[in-house]
Amino acid sequence: MNLNGLTRPALLWLLTLVLWLPGLGNLPLRDWDEGRVTSVARSTIGRIDPTHPSFDWLLAWKWNEAYLNKPPGLHWLIGTSTRLLGEHEWAARLLPCLIASLAVPLLILLRRQLGGAQCDRRAVLAGLILMTLLPMARHGRLAMLDGSLVSCSLLLWTGWLSSRQTPWHGLLAGLGATGVLMLKPPAVLGFLLITAAISVWDRRNSTWQPRAQAWLGSGILPGLAWHLWHGHQRGTDALVMWGGQGLSRVAGVVGDSTGAWVMPITEVLEGGWPWLLLLPLGLRWAWSERQQSSGHWELGLLLGSCALVLPLRSQLPWYSHLLWPAIALLCAEGLHQLLSTGRPLWVGRIWALLGTALLLTGMTLLLIGQQQGLPRLALICAGLGLLAGGLQLIQPTSQQRRWGLISLLIGWGLALLCLWQSQLWLWELNESWDPRPIASEIRQLPAEAVVILRGPTRPSLGWYAGRELLPNDAESKREHWVVSRQPLERCNPIAADDQGAEQSWQLWHCPAALDAPSP
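Take 8 as the starting number for the sequence shown in my numbering and just add one per residue.
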């Protein structure tokens, strides 16, 4: 890793920021993860009091209670960002997006370490693919842990590979492991096991000096030290993030997070376009290189990532996030073959057909004046990019094929930018109501006011309201306020959401009474 070799990764990282940052704050926080992460971030950083110094802020807190699900690694950054820049959506998402975007240059550096013919070109192609994958960009923009987790895992693997020539780079690998320990601790066991297994498989091509292992251990020490201190402070409760919220997801279902192995496969099939067509070519290439470091690591990372994700009995759509770096590496091998030889022709033809379908759909929606639903401009840009790129990628000269890739990247990149501005990029928000109008009314209540939420838990409502909301089964015989869809006896409506639906969510003022109002 010399400075001269960092130019292209740095330029591609800047391009990633241009593509990922626009429209970062144009939609409210999503429940559950964004609302919960930002609430914990505020509560944790809120423990910093210059007049009464303490170490409480080094532990994770959710309102006034200990938060045991995850370490506060990313929460510290989000809480600091919103404290300095204001409690805005873009401020909450800014640092998670910046960290997640580092996955692109790190993947380029990782592929370079694997060597082989034209490894620099293959590395840049892998970075371009990772940068333009919709799931990577979309989840990387959110105030969630998963994008940062991918970057930390790539730092672990890249640093370890680089330590073959420069032993102290094992420190970078260790710091990547520390990052994982401060995000989702049980995952570090899987990442280290993947690293060890591939290293043993690749031992004929690579040797690691004991100094590299010592540096690796040094880098892991900060993360281990925090967990030991956390155990000292909170006792056996500290094991929750390793057991109840970690390893138990392999053996059983936590909450409603079902779906098993089908969900991540479905997410890959839905979100891997347009590059997923190249995966069979990449797998064939990696198998042909199975005696080389490149084949060992590309196949090993895919198999290892699948072994981490697929066995989980508790599944959420973003758990498949860990699969994308390995998929991008293999798709880049297929893309390199397509650019070099123009074969197979069916890839470019399918892209052209898909582009035609998207273009016709977008133009039809534009002509009929459709306002809601699919973003028209995004469909048109994606269609033009795929159509022009697909047709040029099957041309006989390499220069035409290079222009085909550029056309495809420009069209797909513009489509992503149009998607961010369409306010449909966070489509899960359509599943529930906007908490901000009611939250603004709650903020005007006295600090000591009792507010009860009659319905599903909404962490984002608590964050916007700036206070903890009592759960559905809470009761109060003194004056209180209730967020409810259903009318409440002896309570008066204060504010409603602006969606105009029947039985919309409202804030109800309930005067003191001998009996608690019925829900």
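Note that beta-carbon positions come from the ideal geometry of N, C-alpha and C, so glycine has one too. Only a predicted model underlies this, so the values are computations on that prediction, with no experimental measurement involved.
{"Item": "Ordered list of beta strand (DSSP E) runs contained in the stretch 430-499, each at least 3 residues", "Value": "458-461 and 487-491"}
{"Item": "Secondary structure of A519, DSSP reduced to three states", "Value": "coil"}
{"Item": "Distance between G411 and L246 (C-alpha atoms, nearest Å)", "Value": "52 Å"}
{"Item": "Where F62 falls, given that 16 or more other Cβ within 10 Å makes a residue buried", "Value": "exposed"}
{"Item": "Best match in A446, L288, P453 and L18 for proximity to L336 [C-alpha to C-alpha]", "Value": "L288"}
{"Item": "Selected residue, minimal CA-CA separation from R210, among N33, E475, W68 and H303", "Value": "H303"}
{"Item": "Check whether R485 and A456 have beta carbons under 8 Å apart", "Value": "no"}
{"Item": "The stretch 145-164 touching the stretch 109-123, judged by at least three CB pairs closer than 8 Å", "Value": "yes"}
{"Item": "C-beta neighbour in chain D for L163, strict 8 Å", "Value": "The structure shown contains no chain D; it is built from a single protein chain."}
{"Item": "Buried or exposed (CB count within 10 angstroms, at least 16 for buried), A232", "Value": "exposed"}
{"Item": "Selection from Q125, Q299 and G278 that minimises the alpha carbon distance to Q344", "Value": "Q125"}
{"Item": "Distance, L228 Cα to G349 Cα", "Value": "49 Å"}
{"Item": "Where S553 falls, given that 16 or more other Cβ within 10 Å makes a residue buried", "Value": "Residue 553 lies beyond the range of the chain shown here (8 to 526); nothing can be said about it."}
{"Item": "The stretch 47-61 / the stretch 476-485 touching (three or more Cβ pairs under 8 Å)", "Value": "no"}
{"Item": "Rounded C-alpha distance that separates A293 from I205", "Value": "14 Å"}
{"Item": "Given 8 Å, three or more beta-carbon pairs between the stretch 309-318 and the stretch 207-226", "Value": "no"}
{"Item": "Same chain, Cβ closer than 6 Å to L384, five either side skipped, listed in chain order", "Value": "C425"}
{"Item": "Beta-carbon proximity check, P192 vs H234, cutoff 8 Å", "Value": "yes"}
{"Item": "Same chain only: Cβ atoms within 7 Å of A446, ignoring 5 sequence neighbours per side", "Value": "L468, Y471 and A472"}
{"Item": "Beta-carbon gap between L81 and S155 smaller than 8 Å", "Value": "yes"}
{"Item": "Contacts around L26, its chain only, beta-carbon distance under 8 Å, and the 5 residues preceding and following it disregarded", "Value": "M138, T139, A144, G420, L423 and L424"}
{"Item": "A150 (DSSP reduced to helix, strand or coil)", "Value": "coil"}
{"Item": "As assigned by DSSP and simplified to three states, the class of Q506", "Value": "Legend: pLDDT at Q506 = 48, less than 50; position of this residue unreliable, no value from coordinates given."}
{"Item": "Inter-stretch contact at 8 Å, needing at least 3 Cβ pairs: the stretch 94-101 / the stretch 68-75", "Value": "no"}
{"Item": "Status (buried if at least 16 other CB within 10 Å, exposed otherwise) for V269", "Value": "exposed"}
{"Item": "Spatial distance of A133 from L179 (CA atoms)", "Value": "21 Å"}
{"Item": "Neighbourhood of A333 by C-beta distance below 6 Å, restricted to the same chain and skipping five residues each side", "Value": "L308, L309 and S312"}
{"Item": "Limits of the unbroken alpha helix (DSSP H) element including L400", "Value": "L400 -> no alpha helix (DSSP H), and no H or E assigned at all."}
{"Item": "Spatial neighbours of W5 in its chain, beta-carbon cut-off 6 Å, leaving aside the 5 residues before and after", "Value": "This structure leaves residue 5 out entirely; the chain is present only between 8 and 526."}
{"Item": "Classification of D505 by the beta-carbon crowding that lies within 10 angstroms, buried from 16 upward", "Value": "Confidence at D505 is low in this model, with a pLDDT of 49, below 50, so the placement of that residue should be treated as unreliable; the coordinate-derived value is given next. That one is exposed."}
{"Item": "Secondary structure of E296, DSSP reduced to three states", "Value": "coil"}
{"Item": "Classification of L330 by the beta-carbon crowding that lies within 10 angstroms, buried from 16 upward", "Value": "buried"}
{"Item": "G397 beta carbon less than 8 Å from that of W358", "Value": "yes"}
{"Item": "Pairwise C-alpha distance: P466 and D38", "Value": "6 Å"}
{"Item": "Endpoints, alpha helix (DSSP H) assigned at H237", "Value": "P217 to R241"}
{"Item": "For L346 and A203, the rounded distance between their alpha carbons", "Value": "34 Å"}
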